[in-house]
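Novice: Residues in the sequence shown are numbered consecutively from -15, following my numbering.
No residue lacks a Cβ here, since even glycine has one placed at the ideal position from N, Cα and C.
A single structure is presented below for examination.
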Amino acid sequence: MGSLDVEAGGNTVGDMAEAAVTAADMAEATLDVAKLRRVLVAGGVGQAAAAVYMMLFRPPAGLFLLSRSLFRAYYCVLAAIALFGVVEAWTGLWLSHDDDPAGSPRRRAVGVAVLWVSVLTLLILAAVGGFAILK
């Protein structure tokens, strides 16, 4: 029962165990095209939703209040992450429209590259969210 099992309710053991299972699912998704599609779409929609939520309901705090340029950078970074989330979900949909059941190697390579770049954007989103929470 991984964190991608919707019927099972996902993993509820703890944050560290959930992060380990999610990382394992991402690593496993690089080998299986069907899982790669699901991870890209779900991850992209989740990233975009989290970034839009933070833009609308979490005002910048802490470091971002020191100057006007940092204040603008807060919203620019969140907008870029939301845009990348949409691109990530679109990549998952693009992979799902492949006629070959095994998936073409080129499409799979693009999907894997987008998946690993999404890890960086998740870290940036967590860092910005951490600054927004620490007031």
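#1: With H, G and I counted as helix, E and B as strand and the rest as coil, what does DSSP make of M(-15)?
#2: A45: buried (16+ other C-beta within 10 angstroms of its C-beta) or exposed?
#3: For the candidate residues A11, E72 and A57, whose alpha-carbon lies nearest to that of A33?
#4: Kindly indicate which residue of L24, L99 and V36 has the alpha-carbon position closest to the one of A64.
#5: With burial defined as no fewer than 16 other Cβ atoms inside 10 Å of the residue's Cβ, what is the status of F68: buried or exposed?
#6: Ignoring anything shorter than 4 residues or poking outside the segment -2 to 84, list the alpha helix (DSSP H) runs there in chain order.
#7: Should Y59 be labelled buried (16 or more other beta-carbon atoms within 10 Å of its own) or exposed?
#8: Is the beta carbon of L106 closer than 7 Å to that of T75?
#9: What does the alpha-carbon distance come out to for the pair R92 and S51?
#10: Determine the direct distance from the alpha carbon of G95 to that of L49, and round the result to whole angstroms.
Specialist: Here's the rundown:
#1: Model confidence at M(-15) stands at a pLDDT of 44, short of 50, so the residue's coordinates are unreliable; what they give is reported in the following sentence. M(-15): coil per DSSP, three-state reduction.
#2: Taking a 10 Å sphere around the C-beta of A45, we find fewer than 16 other C-beta atoms and assign the residue as exposed.
#3: Closest in C-alpha terms to A33, from the list A11, E72 and A57, comes E72.
#4: Comparing Cα positions, the closest option is V36.
#5: With 16 or more other Cβ atoms inside 10 Å of its own Cβ, F68 counts as buried.
#6: Counting whole runs of 4 or more residues, the segment -2 to 84 contains the alpha helix (DSSP H) stretches -1 to 13, 17 to 41 and 52 to 80.
#7: Exposed is the label assigned to Y59, since fewer than 16 other Cβ atoms lie within 10 Å of its Cβ.
#8: Judged by beta-carbon spacing, L106 lies beyond the 7 Å limit of T75, meaning their Cβ atoms are not closer than that value.
#9: Rounded to whole angstroms, R92 to S51 spans 43 Å at the Cα level.
#10: Distance between the alpha carbons of L49 and G95: 37 Å.
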